[in-house]
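Trainee:
If you want it as structure tokens, here you go:
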């Protein structure tokens with residue numbers, strides 16, 4: 001968006017703001033002089049510097065206001081009847097001259113002229129500090145305000161200077177009313193900030209050989225002008241200055257920054273590890289209802305299994321991936337996430353223990369939630385679709401104080417839906433309030449919470465016969481109609497941030513989660529593939545399953561230089577405690593025939609430990625301390641080194657409440673990362689990195705009773721990121737190898753025990769593309785080649801492919817929205833999502849077939865509302881998303897239609 005377009009949509013333009021101030025001054029002066037208000041538009045009120053006809057004997061009032069050409073101060077002149085003429089002095093009250101027709105009810109004004117001028121000046125936004133800082137591409141000019149927002153600047157190019165005028169503002173620096181800095185960066189000769197007539201502040205940035213180009217970001221503290229030295233004369237004034245509003249900014253399909261890789265807000269081009277961001281715009285365009293539908297846009301990510309349709313467990317690059325929420329791990333492995341308040345999803349690939357502790361080597365899926373806004377925003381949405389799907393939701397946000405230092409957000413939704421699966425109804429309540437408070441310019445806190453109540457049956461899906469999925473209806477459930485899984489989970493978080501100065505800051509965040517589950521399900525553990533009879537069928541009950549977590553993260557960040565080398569430094573400490581109580585009771589029940597099922601029916605039984613065929617009840621506690629260091633070293637503007645490491649100390653305890661036995665485990669690990677970034681141009685970044693991860697072997701023992709070392713993940717990666725079309729389109733290409741070692745495998749001489757000789761290896765190539773090709777045409781796409789195998793094992797598994805990992809996977813989603821004319825706002829989208837065939841289990845006894853799912857969308861957007869129609873799986877392809885075993889295969893969604901109506905006000 002250029003400057004001219006931004007001005008048309010801004011609430012305060014330079015012209016509108018100036019007229020308002022002049023009108024206010026006119027009205028105030030008229031009240032001070034004659035005791036009656038002057039209203040704009042009345043007959044005879046001509047404007048600045050004009051004469052106002054009065055009653056007989058009062059020939060008029062002539063007003064002159066600062067900012068008019070040649071006027072250096074404020075002058076007032078009243079000419080009256082009978083030869084009355086006088087110049088008015090400030091802080092003096094004057095009687096109205098006598099007239100032939102006296103004006104009734106003349107009152108002495110309560111304010112003097114100077115009083116009115118003082119009030120006007122007090123209402124201006126004061127710029128209290130100006131800073132100039134070097135950046136990779138030039139410099140940034142930071143204009144800080146004590147309170148209040150600065151209006152949109154206007155710009156023009158004069159010779160080699162870029163001039164930006166900010167209306168309704170005054171420069172009020174402790175050291176004076178002007179700022180100058182000579183030669184602050186290569187290609188920039190001078191930066192000056194001065195007061196100008198008409199209550200304007202002028203920022204003048206003079207280039208050495210050509211006028212510079214700038215982007216303006218609106219922040220809570222004021223305005224930031226990001227300046228790039230010019231290389232040629234700018235052709236138009238509108239192109240000289242681009243304005244971008246930060247905070248909850250809309251970068252469309254092509255975000256340029258992320259926080260997951262470094263725990264700081266870092267440009268993607270500076271990160272020496274593959275990371276992709278799926279922004280809110282993609283989520284809305286696709287009407288994604290869960291995390292799986294979001295991350296399918298990212299290369300190398302696929303659903304591993306759903307734990308019976310109650311969770312989402314992912315593979316990244318062939319290995320397990322960990323889902324975080326705002327940088328915190330989930331308190332329970334099956335913790336549910338709702339999309340109502342998701343702002344974006346960041347996927348960091350490869351071992352990431354350097355900042356997040358014990359993890360599988362696949363990577364991280366970090367769900368970033370939306371925060372309170374400084375501008376009022378109110379949205380109501382209603383969705384309806386196939387299988388009796390209904391979902392109303394709301395998102396309300398805005399300031400609670402006049403200076404916008406206190407802000408709120410409330411997101412909530414209700415879901416009620418059937419399913420293509422038999423005996424399945426889903427009901428969910430979700431509420432997420434948040435409160436942000438800028439205590440001062442340097443100190444901020446954020447308090448947020450979530451509550452979710454979800455009820456649905458646990459559904460283990462379909463089964464395999466031979467080397468394929470059984471040919472039975474995709475909607476057939478092999479559980480009982482009375483199966484039900486109810487989850488109540490809530491989360492509370494507190495984040496504190498303080499800036500010590502321009503370079504050093506501290507961030508401390510605390511999270512508390514609790515999840516309570518009451519579950520009853522019917523599960524089949526074996527199948528007679530000749531008759532289709534499912535045997536070893538059990539009722540399984542988990543009542544009062546409780547999982548809680550507490551986590552505290554504290555990060556100290558700073559910027560400094562040593563011998564001309566810039567450092568972005570991070571030191572952090574993480575403390576966490578996770579507890580779980582899992583009572584698990586099993587009772588064998590009648591088998592079921594998958595081709596002709598007969599269900600037990602009747603009332604749901606209630607199991608106890610004494611009545612169960614198999615019972616478990618344990619209390620598990622994991623305490624973790626992590627200490628980490630990181631330094632992003634900039635040797636030059638285009639050569640950077642990222643180094644870091646983390647020490648973790650783990651204390652694990654498991655109490656068998658039925659057998660009264662306790663197991664303890666202590667472990668520690670060091671996880672490093674080293675990465676190098678070289679940027680031969682502003683549009684290209686080359687990188688290489690080495691990183692490791694660890695995960696404790698909690699449940700395996702050798703024949704002599706000793707514990708096993710932690711599993712270790714090691715990744716080597718090289719890649720390139722490029723930008724095209726003036727930065728509107730970005731692409732990333734990466735090649736990697738991950739080795740997972742110390743894997744516990746069965747002891748061939750003692751089958752009940754383990755030895756630590758297992759190894760798994762994944763290597764591949766990935767491509768991700770996202771951005772805007774032309775105005776209104778957006779695209780996000782990916783391709784992944786993944787070769788993931790069991791490279792070492794004591795059993796025949798050696799050489800097998802890892803479960804659920806397709807060798808080839810690809811996705812492409814694109815939308816186009818008409819930008820002008822009578823059909824402006826009308827858009828459509830289409831996407832295809834491909835998965836190669838995958839092994840269904842570790843023994844490679846059956847395969848899930850390849851598939852292509854096609855989705856389409858049609859929508860119409862206006863500023864106050866949006867209507868959308870999404871069709872998922874347009875061609876009703878029969879496919880399978882994931883599997884956990886031969887008797888737990890997750891079917892994919894058939895043809896589904898979802899309609900959406902959103903109202904914004």
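In our numbering, the protein residues as written are 1 to 905. We treat Cβ as the ideally placed atom computed from N, Cα and C, and that holds for glycine.
Can you give me the start and stop residues for the beta strand (DSSP E) that residue 852 sits inside?
Mentor: 851 to 862
Trainee: Can you give me the C-alpha to C-alpha distance between residue 361 and residue 378, rounded to a whole angstrom?
Mentor: 41 Å
Trainee: Going by DSSP in three states, residue 660 sits in which element: helix, strand or coil?
Mentor: coil
Trainee: Apply the 10 Å Cβ neighbour rule to residue 168 and answer buried if 16 or more other Cβ atoms are within range, or exposed otherwise.
Mentor: buried
Trainee: Could you pull the start and end residues of the alpha helix (DSSP H) that residue 356 belongs to?
Mentor: Start and end: 353 to 356.
Trainee: To the nearest angstrom, how far is the alpha carbon of residue 242 from that of residue 411?
Mentor: Here the model assigns residue 242 a pLDDT of 46, short of 50, so the residue's position is not dependable and the matter cannot be decided.
Trainee: Just to confirm, are residue 735 and residue 708 a CB contact at a threshold of 8 Å?
Mentor: no
Trainee: According to DSSP, simplified to helix, strand and coil, what is residue 679?
Mentor: strand
Trainee: In terms of residues, what are the limits of the alpha helix (DSSP H) holding residue 627?
Mentor: It is not in any alpha helix (DSSP H) - residue 627 instead sits in the beta strand (DSSP E) that spans 614 to 636.
Trainee: With residue 523 and residue 591 assumed to form a contact (beta carbons below 8 Å), what rounded beta-carbon distance in angstroms separates them?
Mentor: With 8 Å as the limit, residue 523 and residue 591 do not qualify as a contact, their Cβ atoms being about 12 Å apart.
Trainee: Counting beta carbon pairs with one atom in the stretch 471 to 486 and one in the stretch 594 to 608, are three or more of them shorter than 8 Å?
Mentor: Three or more beta-carbon pairs drawn from the stretch 594 to 608 and the stretch 471 to 486 are found closer than 8 Å, and the two stretches are therefore classed as touching.
Trainee: Return the residue from the list 630, 608, 652 and 684 that minimises the CA-CA distance to residue 579.
Mentor: 652
Trainee: Could you check the C-alpha separation between residue 190 and residue 203 for me, to the nearest Å?
Mentor: 10 Å
Trainee: For residue 273, does the three-state DSSP call read helix, strand or coil?
Mentor: coil
Trainee: Does residue 463 pass the burial test, meaning 16 or more other C-beta atoms within 10 Å, or should it be called exposed?
Mentor: Buried: at least 16 other Cβ atoms inside 10 Å.
Trainee: Cα-Cα, which of 129, 775, 519 and 625 is closest to residue 725?
Mentor: Comparing Cα positions, the closest option is 775.
Trainee: What does the alpha-carbon distance come out to for the pair residue 911 and residue 818?
Mentor: This structure cannot settle anything about residue 911, because the visible part of the chain is limited to 1 through 905.
Trainee: What is the rounded straight-line gap between the Cα of residue 426 and the Cα of residue 383?
Mentor: 15 Å
Trainee: Would you please verify whether the beta carbon of residue 530 is less than 8 Å from any beta carbon of chain B?
Mentor: Reference to chain B is not applicable here, since this structure consists of a single protein chain.
Trainee: Could you check which residue in 616, 212, 625 and 514 has the C-alpha nearest to that of residue 657?
Mentor: 616
Trainee: Have a look at residue 391 and residue 894 and give me their C-alpha separation to the nearest angstrom.
Mentor: In a straight line, the C-alpha of residue 391 is about 19 Å away from that of residue 894.
Trainee: Quick one, are the C-beta atoms of residue 325 and residue 572 less than 8 Å apart?
Mentor: no
Trainee: Rounded to whole angstroms, what is the Cα-Cα separation between residue 906 and residue 281?
Mentor: Residue 906 lies beyond the range of the chain shown here (1 to 905); nothing can be said about it.
Trainee: When the Cα atoms are used, what is the spatial distance from residue 44 to residue 205?
Mentor: For residue 44, the pLDDT reaches just 38, beneath the cut-off of 50, and the residue's location in the model is therefore unreliable, although a value from the coordinates is still provided. Cα to Cα, residue 44 sits roughly 43 Å from residue 205.
Trainee: So residue 539 packs on residue 608, CB below 8 Å; how close in whole Å?
Mentor: Incorrect: roughly 12 Å between the Cβ atoms, too far for contact.
Trainee: Nearest to residue 623 by CA position, among 665, 816 and 637, is which residue?
Mentor: 665
Trainee: Does residue 789 come out as helix, strand or coil in the three-state DSSP assignment?
Mentor: strand
Trainee: Give every residue of the same chain whose Cβ lies closer than 6 Å to the Cβ of residue 874, excluding the five residues on either side of it in the sequence, and list them in chain order.
Mentor: 854 and 856
Trainee: Does the beta-carbon of residue 795 have 16 or more other beta-carbons within 10 angstroms, so that it is buried, or is it exposed?
Mentor: Exposed, because fewer than 16 other Cβ atoms sit within 10 Å of the Cβ of residue 795.
Trainee: Jot down the residue ranges of each uninterrupted beta strand (DSSP E) in the stretch 357 to 428, minimum 3 residues, whole runs only, in chain order.
Mentor: 363 to 369, 377 to 385, 389 to 399 and 406 to 417
Trainee: Using the Cα positions of residue 888 and residue 433, report the straight-line distance between them to the nearest angstrom.
Mentor: 37 Å
Trainee: Does residue 594 come out as helix, strand or coil in the three-state DSSP assignment?
Mentor: coil
Trainee: Taking the alpha-carbon of residue 160 as reference, which of 147, 228 and 569 has the nearest alpha-carbon?
Mentor: 228
Trainee: Please name the residue in 408, 702 and 458 whose C-alpha comes closest to that of residue 447.
Mentor: 408
Trainee: Does DSSP put residue 824 in a helix, a strand or coil?
Mentor: coil
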